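Line by line, the protein sequences are chains X and P. Residues in the first sequence are numbered from 1 upward in steps of one, following this note's numbering. Residues in the second sequence are numbered from 1001 upward in steps of one, following this note's numbering. Below you'll find the structure, written out as structure tokens, and then a few comments.
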Amino acid sequence: MAVFLGLPLAIYLVFVISPFVQAVYYSMTSWSGFDANMPFIGFDNYVKLFNDDIFMISVRNSITLAIFLPVITVILALVLATLVTIGGSSRGQIKGLKGAGFYRIVSFFPYVIPAVVIGIIWAQIYDPSSGLLNGILTGLGFDGFTSFPWLGDPRTAMVASMVVIVWGFVGFYMILFIAAIKGIPAETFEAARIDGAGRFRTAVTITIPLIRDNIQTAYVYMGILALDAFVYMSVLNSTGGPANSTLVMSQKLFTTAFSKGQFGLACAMGVVLAVITLIFSALVFMVNRLTGGSKDVSN
Amino acid sequence: MSLKLSKKPSEAGGHVERKAKETKGDKVVAGVSHTMLALWSLMVLVPLGWTVLSSFKTTKEIFASPFSMPEVWQFQNYINAWNTAGIGSYFFNTVIVVGSALIIVMVLGAMCAYVLARYVFPGYRAVYYLMLAGLTFPIFLAIVPLFFILKNFGLLNTLPGLIIVYVSFALPFTVFFLFSFFKALPGEIAEAAQIDGAGEWRTFFQVMLPMAKPGLASVAIFNFLGLWNQYLIPVAINTKRENYVLSQGIAAFAGQMGYAVDFGALFAAAIIVVVPVLIMYILFQRQLQGSVSAGTMK
Chain X
1 MAVFLGLPLA IYLVFVISPF VQAVYYSMTS WSGFDANMPF IGFDNYVKLF NDDIFMISVR
61 NSITLAIFLP VITVILALVL ATLVTIGGSS RGQIKGLKGA GFYRIVSFFP YVIPAVVIGI
121 IWAQIYDPSS GLLNGILTGL GFDGFTSFPW LGDPRTAMVA SMVVIVWGFV GFYMILFIAA
181 IKGIPAETFE AARIDGAGRF RTAVTITIPL IRDNIQTAYV YMGILALDAF VYMSVLNSTG
241 GPANSTLVMS QKLFTTAFSK GQFGLACAMG VVLAVITLIF SALVFMVNRL TGGSKDVSN
Chain P
1001 MSLKLSKKPS EAGGHVERKA KETKGDKVVA GVSHTMLALW SLMVLVPLGW TVLSSFKTTK
1061 EIFASPFSMP EVWQFQNYIN AWNTAGIGSY FFNTVIVVGS ALIIVMVLGA MCAYVLARYV
1121 FPGYRAVYYL MLAGLTFPIF LAIVPLFFIL KNFGLLNTLP GLIIVYVSFA LPFTVFFLFS
1181 FFKALPGEIA EAAQIDGAGE WRTFFQVMLP MAKPGLASVA IFNFLGLWNQ YLIPVAINTK
1241 RENYVLSQGI AAFAGQMGYA VDFGALFAAA IIVVVPVLIM YILFQRQLQG SVSAGTMK
């Protein structure tokens, strides 16, 4: 039995846990990586980071993503999931829309496409001259968009990037919510209907409170993903976008480590990112608790 | 039952049609719902369809108009992507790396989850929290030290190095998912097997593992997608071109597009990367969608 647990655990400790621990130590050194010399400098790296304007821009951009992406994705996914599950007839059995299966299959598909490919496809869609988006817009008569650089204009680059990430994940959370809504006993919906609640009322006062644990999970997952966002951001705008408007912490960390060789500093960024991630999760849990999660109607 | 109920009133009164009929409001709601869902479906399908279409066009045609049909369907684009852009060899690397990592992580993860689900031992909680840490902390925190750990082992820029890192980072998710699965299996069966004289190994591999098959299948699909789509780990620790996996290969190809303009081949490469996951998706979409909820609720 010792082998059963010991072997996986040993690999896990060496390649996952020990790097986490080492990173915290490295973050307090000015190590450049390729010499044995590892001068300990305490919190100097952190001080340096907070005085680094570009890094602070990247922090702000990451936080912007963590604020907007979960809200947009979760709301959109909830709306679509609600339409699919209780959009059907208001008489007789509670049921979903006809053709719900088709919508489910199509919506979920972007989730399985590699993030890199999603980024590449959308970079082409946003292409100023030959892209699909400007093609459609000019086709509809909006001539102002002829060769408008969606990813090259500081005003639109961030929003355009967010659209791509939302596009990739709405389907996944939609399926998650559909599964959760289907887990609610039909009697609950029937009771609400007999009491005279319409669809909108049912969705707001029955469905959402009953699946709030799922919503919380979705929110945390999406937030963690938004704080990473490395693949999408680096494929859409490899250098951080116009005026660093899409530069995120993970990108900054990657170039600091692997292009500039400032490994100590990069580890400090990693620690900051980890702390922000933990704060984010804690906040979501706390808000859910404070607003009465997991004690009212839900089991 | 419901059939009887719906028949009765019409027999008795004759004037009340009890069959659930769509009201006007229902039709409006259904119409609005279908419109919104159809719009979303279009949002999903149009970019993908456009990619397929563009993958058969010449670069000149791509630049001329985003909508035009290709004059001649350029299957050559796929050959160019496969050979000239190196997608073929990246594909091969990816199959080796993802295939090996998947098998190893499933075996190790199942063993680990089985022990955790069946036995309580000193340090049990510690193992649990270590696994949870691996799921919570961003991989970016680990990436720099990881680079040097692999370097010290002489595994940097090698496929075995990539495989072992894939295994390690897929492990916590696998263990968490399978843990609940093994927990639900009746322990009496393992005991019965042992009374019948099966050793620990035999009990696990011949009795318990086959019973956990549905769980294993779900985790394997998720791990396959996660590893196939992995990008950060290979770009950090696997930088030798001949060892590239698909995700970094296509990113590198797209990165140099500014200079060598073969956009048709780029679109074709994108399709080549998507096709395996598309096949997996079509084959397993029921299991995949079914296990989304189970997999994300810890």
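Glycine included, C-beta positions come from ideal geometry on N, C-alpha and C. On a predicted model such as this, the values are computed, not experimentally measured, just so you know.
With a threshold of 8 Å between beta carbons, T1158/P makes no contact with chain X. Going by beta carbons, F108/X and I181/X fall outside the 8 Å limit. When Cβ pairs closer than 8 Å are counted between the two stretches, the stretch 112 to 120 of chain X is seen not to touch the stretch 146 to 160 of chain X, the count staying below three. Close partners of L1146/P in chain X (Cβ separation under 8 Å): F15 and P19. In the three-state scheme derived from DSSP, where H, G and I count as helix and E and B as strand, F1204/P is classed as helix. If one requires a minimum length of 4 residues, no alpha helix (DSSP H) run lies completely within the stretch 259 to 285 of chain X.
Here the alpha carbon of V231/X sits roughly 34 Å from the alpha carbon of Y1114/P. A268/X is the residue among L273/X, G292/X and A268/X whose C-alpha sits nearest the C-alpha of S30/X. In this structure, the beta-carbon distance from L7/X to L1108/P falls below 8 Å. Secondary structure in the stretch 1112 to 1151 of chain P: the alpha helix (DSSP H) runs of 4 residues or longer, each lying completely within the stretch, are 1124 to 1136 in chain order. Taking 9 Å as the Cβ-Cβ cut-off, the stretch 1025 to 1041 of chain P approaches chain X at G1025, D1026, V1029, A1030, V1032, S1033, H1034, M1036, L1037, A1038, W1040 and S1041, given in chain order. Residue contact check for L1225/P against chain X: a CB pair falls below 8 Å. Contact with chain P is found for R199/X, since one of that chain's Cβ atoms lies less than 8 Å from the residue's Cβ.
Nearest to T82/X by alpha-carbon distance, out of T188/X, A179/X, A243/X and G241/X, is A179/X. Cβ-Cβ distances below 7 Å link I211/X to F177, A180 and I181 in the same chain, with the five nearest sequence neighbours on each side left out; the list follows chain order. Closer than 8 Å to the CB of W150/X there is not a single CB belonging to chain P. DSSP, read as helix, strand or coil, puts T146/X in coil.
Between L290/X and F1140/P, the beta carbon gap of about 30 Å keeps them out of contact (Cβ cut-off 8 Å). A Cβ of chain P is located within less than 8 Å of the beta carbon of I120/X. Taking each of M1043/P, V1052/P, V1127/P and P1070/P in turn and checking the Cα distance to L133/X, the smallest one comes out for M1043/P.
Going by DSSP, G1031/P is part of the alpha helix (DSSP H) stretching over K1024 to S1054. Proximity of G1154/P to chain X, defined by a Cβ-Cβ separation below 8 Å, is not satisfied.
For a Cβ distance threshold of 7 Å, residue set V1144 of chain P lies close to F263/X, ordered along the chain. No Cβ of chain X is located within less than 8 Å of the beta carbon of I1233/P. Per DSSP, the unbroken alpha helix (DSSP H) holding L7/X starts and ends at A2 to Y12.
In the structure shown, F1075/P falls within a coil segment according to DSSP collapsed to helix, strand and coil. Within the stretch 1092 to 1120 of chain P, contact with chain X at the beta-carbon level (separation under 8 Å) is assigned to L1108, G1109, M1111, C1112, Y1114, V1115, L1116 and Y1119.
Around Q1248/P, the same chain offers P1234 and V1235 as residues with beta carbons nearer than 6 Å, after the five sequence neighbours per side are excluded.
One finds Y1231, S1247, I1250 and A1251 in chain P with Cβ atoms closer than 7 Å to the Cβ of V116/X, taken in chain order. Interface with chain P (8 Å Cβ-Cβ cutoff): F189/X is excluded. M249/X places its beta carbon less than 8 Å from that of S62/X.
With respect to chain X, the C-beta atom of V1052/P has no partner C-beta closer than 8 Å. In the structure shown, the three-state DSSP call for T29/X is strand.
Per DSSP, reduced to three states, the secondary structure at F1253/P is helical. For Q1285/P, the residues of chain X that pass the 8 Å Cβ criterion are I105 and F108, in the order they occur in the chain. For the set Y46/X, G240/X and S259/X, the Cα lying nearest the Cα of L151/X is the one of G240/X.
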